[in-house]
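Chemist:
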């Protein structure tokens, strides 16, 4: 696997797996309006994944289309940070996970819009508009729930404490991230992290939530080492393509 | 007594394109105006239906009483001369 192929998978898998997770809410949200809101976000994310996987398939040069890249890989070939494969939990936990990822994607794509890779720059320019709305949606709920009732505050603070350790991986730059930054394809992760941190702090303050203490442990979903949750997601997600290869709408 | 667990109802108006007026498209539940805009965006503009949204709390709309509709609207029925259809329009006028 070439470096740029792997990097495109990291970006695409982050969107794909989070989109798949959000899709689980369809029919189960607290209100009909939220149901559609989460489904819209899921569709945006899967749309981003499609663009990235189409590109990845071309870069790979083995004739795989977006479906082939999305659905026909093995567990260890998915390169998403494991934050996005964490269970939905209650609505508050879904919102916390969403805010953490939305701010990451916002700060990443804003910078990637000036990528030396023109195709990736175009994808980032399109995606950043979607992500701005995602963050409007998720941050609105984070503030409502955090600065809401005693129970809603307790639940989102709990979710934040639970999910916080997984955010470390988003910014843990390895040789692949370094290489992409060096060639100007992607922004430098420490820069993204500083911007992410400042924006998250402001949101947490408004939501009257406490930023959890940093923990050194780093997960390695970006290298294909996942939590036990990914297998269940893939089983459901890949079922159709594996049962009916090449199935189309 | 009002049930506070139920979000209040908002009426939604969407402008399809610049220059057109906002049209009533439906209603939805939301905790406040900002959330109503978000919900309206997600429910009523997901197929490119609009470029601008208004939301108004349904309780702030005063409606005419259906029981009074005879008194309000019946008198206009026999006054067809109020329609501008009795003018002879010169052929040279293409649009009016």
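Residue numbers (my numbering), protein chains in the order written: chain A, 25 to 273; chain B, 1400 to 1495.
Note that beta-carbon positions come from the ideal geometry of N, C-alpha and C, so glycine has one too.
Values in this document were obtained by computation on a predicted structure and should not be read as measured data.
(1) Is there contact between the region 114-132 of chain A and the region 140-158 of chain A, where contact requires at least three CB pairs shorter than 8 Å?
(2) Buried or exposed for residue 273 of chain A, please, with buried defined as at least 16 other CB atoms from any protein chain shown within 10 angstroms of its CB.
(3) What is the DSSP secondary structure of residue 1491 of chain B, reduced to helix, strand or coil?
(4) DSSP on residue 157 of chain A, reduced to helix/strand/coil?
(5) Figure out for me which residue from A:262, A:143, A:259, A:109 has the closest Cα to the Cα of residue 243 of chain A.
(6) Between the C-alpha atoms of residue 200 of chain A and residue 1433 of chain B, what's the straight-line distance to the nearest angstrom?
(7) Find out if the Cβ-Cβ distance for the pair residue 1430 of chain B, residue 1406 of chain B is shorter than 9 Å.
(8) Comparing alpha-carbon positions, which option in A:166, A:255, A:259, A:240 lies nearest residue 227 of chain A?
(9) Could you check the C-alpha separation between residue 2 of chain A and residue 55 of chain A for me, to the nearest Å?
(10) Could you tell me if residue 44 of chain A is buried or exposed, where buried requires 16 or more neighbouring beta carbons within 10 angstroms of its beta carbon?
(11) Residues of chain A with CB under 7 Å from residue 1427 of chain B, in chain order?
(12) Kindly indicate which residue of A:170, A:213, A:251 has the alpha-carbon position closest to the one of residue 235 of chain A.
(13) Is residue 161 of chain A close to chain E, meaning its C-beta is less than 9 Å from at least one C-beta of that chain?
(14) What does residue 1437 of chain B touch in chain A if you count any residue whose Cβ is under 9 Å from its own?
(15) Given a threshold of 16 other Cβ atoms within 10 Å of its Cβ, counted over all protein chains shown, does residue 65 of chain A qualify as buried or as exposed?
(16) Can you have a look at residue 1416 of chain B and say buried or exposed, based on whether 16 or more other CB atoms are within 10 angstroms of its CB?
(17) Counting contacts by CB-CB distance shorter than 9 Å, is residue 1459 of chain B in contact with chain A?
(18) Counting only C-beta atoms, is residue 1430 of chain B closer than 9 Å to chain A at any point?
(19) Going by the beta-carbon positions, is the gap between residue 68 of chain A and residue 158 of chain A smaller than 9 Å?
(20) Output the boundary residues of the beta strand (DSSP E) element that contains residue 269 of chain A.
(21) Please state whether DSSP places residue 1453 of chain B in a helix, a strand or coil.
(22) Taking beta-carbon pairs under 9 Å, can you tell me which members of the region 97-110 of chain A lie near chain B?
(23) Apart from the five residues on each side of it in sequence, which residues of its chain come closer than 6 Å, Cβ to Cβ, to residue 1421 of chain B?
Modeler: So, to answer that:
(1) yes
(2) exposed
(3) coil
(4) helix
(5) A:109
(6) 41 Å
(7) yes
(8) A:166
(9) This structure cannot settle anything about residue 2 of chain A, because the visible part of chain A is limited to 25 through 273.
(10) buried
(11) 57
(12) A:170
(13) Absent from the structure: chain E. Protein chains present are A and B.
(14) 57, 61, 157, 160, 161, 164
(15) buried
(16) exposed
(17) no
(18) yes
(19) yes
(20) Here residue 269 of chain A belongs to no beta strand (DSSP E), and DSSP marks it neither H nor E.
(21) strand
(22) none
(23) 1412, 1414, 1453
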